[in-house]
Each structure stands twice: as C-alpha cells, then as structure tokens.
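Shown next, in structure tokens, is the structure this report addresses.
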Amino acid sequence: AQSVTQPDIHITVSEGASLELRCNYSYGATPYLFWYVQSPGQGLQLLLKYFSGDTLVQGIKGFEAEFKRSQSSFNLRKPSVHWSDAAEYFCAVAPSGTYKYIFGTGTRLKVLA
Amino acid sequence: DGGITQSPKYLFRKEGQNVTLSCEQNLNHDAMYWYRQDPGQGLRLIYYSQIVNDFQKGDIAEGYSVSREKKESFPLTVTSAQKNPTAFYLCASSIGGASKNIQYFGAGTRLSVL
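Residue numbers (this note's numbering), protein chains in the order written: chain A, 136 to 248; chain B, 93 to 206.
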C-alpha cells in the first residue's frame, strides 16, 4: 500500500539554526511530492512541490526540498529558522495520474528564541 | 481575492443531530475535497468530487454525505451515524485533471460534540 512516513513527530530548534524535516514514501513509481505548513487552527499552505526535473526544489519562506529517488525521500530544509516558522509541517504524495493525496502524520516544529 | 471559504469556523453538534459544513471556492476549480484531521493522524480523505454532480468516497466516508450541485460549492454533512465526529475538517480544491494536481485549502471548521 502507498504510504508516507514523517518519522519525527516533534522537532525543536533554536532560532537561526538549520532545519531538516524528513519524509519518506512508499510507491512504485515517482509520485508528485508536496510540503505544506499549517499554523494552529488554520488550513494548509503549500510550501513547495516536485513534479519532475531538478531534484532540488525551492519554495516560499526560504524553504527547499530535495527529492532522492534512491532513498524514496523528499526532505524539507531551511538554512536559518525564524521564530515564525513554528508550525506543523506535512509531507504529501500524489501518485501521478490520480487526484488523491496521501499525507504524512506531520512534524510539529518548535523554535526557541 | 480568490480562495476557499469554510464556514462556520466552530460548530457544535448535539447527540443524534446532523450538521452541515460549508465550503465555497471562487478559484474556478473543477475538483473539491473534504478531509478530516485528528491529532497525530495527518489528514484523511472523506469525499472528493472531480466535477459537478459527481463525487466519490474517500478512505473514511462512513457517517458523512456530500453534494456537488454547483461548481463552487461542496457541502459536507456529518450525520448522526458518525459516532466520533469531533475533529478539524478541511476543504480543498484543485484545478482538476489528474496531472500536476495542486490542492489549495480552506481555513477549516472545528466540530465538537456537546
């Protein structure tokens, strides 16, 4: 069955430190890949997406993600975290040719001042 | 401003009552979706609609119903058959077509049981 794993439920980093959030997926072919961010009590905002081509993808708010086919991973990174980045982050996978997204269970990021 | 509007923001259901959550979009998107979000479980798909007057069950459709009479509207009814309705409900839409399908989300409705 197709699945998405975000192994870290909570992550705490200091402001200004670098960040990497992990995402692994299980799917036979290369799917479409997404990262979304959710502030408390709000909807999801798209950070970035990967469809094909360059495996390093740039997104909004200074985030980037790298698709590694050999590891079935799509990890999200930011070189310097700001206090406003504290939120929950969701990785999602959409098998190509379908409407349906499969979401990971999310990683909650806390930023220390 | 184009976007997805969900209402109400908070909703309370009494035992045995049906309640309806509203979702309206002005993005001219063909496809619309309803998700349920529970702590630690991510988002789970309830129903989705690819086109007006057509919809399909998602992974957890039991106890829910939808309609799609207009392109811009996709209301979700939580019926009395849904025994554990307390959750955060998110509506999304996408331009449609299975290729490069980006979903955009509303701000959500939090449903609680009285």
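Note that the Cβ used here is the ideal one computed from N, Cα and C, for glycine as well. Since the structure is predicted, the reported quantities are computational estimates derived from the model, not experimental observations.
Closest by C-alpha distance to residue i, when choosing among the options
| i | options | result |
| --- | --- | --- |
| S161(A) | L247(A), G176(A), C226(A) | C226(A) |
| N176(B) | Y196(B), K106(B), N118(B), L119(B) | K106(B) |
| Y236(A) | N110(B), L137(B), L103(B) | L137(B) |
| Q206(A) | A136(A), T165(A), A152(A) | T165(A) |
| I96(B) | N193(B), S165(B), R202(B), G188(B) | S165(B) |
| Q180(A) | V192(A), F202(A), A222(A) | A222(A) |
| T178(B) | L135(B), K101(B), N110(B), V205(B) | V205(B) |
| I194(B) | K203(A), L168(A), T190(A), S215(A) | L168(A) |
| A153(B) | L168(B), K162(B), K163(B) | L168(B) |
| H217(A) | V228(A), P230(A), V148(A) | V148(A) |
| S157(B) | W126(B), I187(B), D130(B) | W126(B) |
| Y102(B) | K163(B), Y181(B), K149(B), G188(B) | Y181(B) |
| G163(A) | L182(A), S153(A), S208(A), S215(A) | S208(A) |
| G94(B) | A173(B), G150(B), S185(B) | S185(B) |
| S231(A) | Y185(A), T140(A), A152(A) | Y185(A) |
Three-way DSSP call (helix, strand, coil) for residue i in this model
| i | result |
| --- | --- |
| Q195(B) | coil |
| S219(A) | helix |
| Q142(B) | strand |
| R157(A) | coil |
| Q173(A) | strand |
| S159(B) | coil |
| K196(A) | helix |
| S231(A) | coil |
| S99(B) | strand |
| S205(A) | helix |
| F238(A) | strand |
| H121(B) | coil |
| Y162(A) | coil |
| L57(B) | This structure gives no information on residue 57(B), because the portion of chain B shown stretches from 93 to 206. |
| Y149(A) | Contrary to the premise, residue 149(A) reads as Ser rather than Tyr in this sequence. Reduced to three states, the DSSP call for S149(A) is strand. |
| L206(B) | coil |
| K245(A) | strand |
| F225(A) | strand |
| F104(B) | strand |
| S185(B) | strand |
Presumed contact (8 Å Cβ cut-off) between residue i and residue j, rounded CB distance
| i | j | result |
| --- | --- | --- |
| F147(B) | R160(B) | 5 Å |
| V170(B) | G155(B) | 7 Å |
| I144(A) | R243(A) | 7 Å |
| T240(A) | G108(B) | No, T240(A) and G108(B) are not in contact; Cβ-Cβ is about 32 Å, not under 8 Å. |
| D122(B) | Q142(B) | 6 Å |
| Y234(A) | Y140(B) | 6 Å |
| A229(A) | E150(A) | At roughly 33 Å, the Cβ-Cβ gap does not stay under 8 Å, so A229(A) and E150(A) are not in contact. |
C-beta neighbour in chain E for residue i, strict 7 Å
| i | result |
| --- | --- |
| F198(A) | Within the model displayed, chain E is absent; protein chains A and B are what it includes. |
**Prompt:** Can at least three beta-carbon pairs, one atom from the region 194-203 of chain A and one from the region 114-130 of chain B, be found at a separation below 8 Å?
**Reply:** no
**Request:** Report yes or no: do the region 144-158 of chain A and the region 174-181 of chain A share at least 3 C-beta pairs separated by less than 8 Å?
**Result:** no
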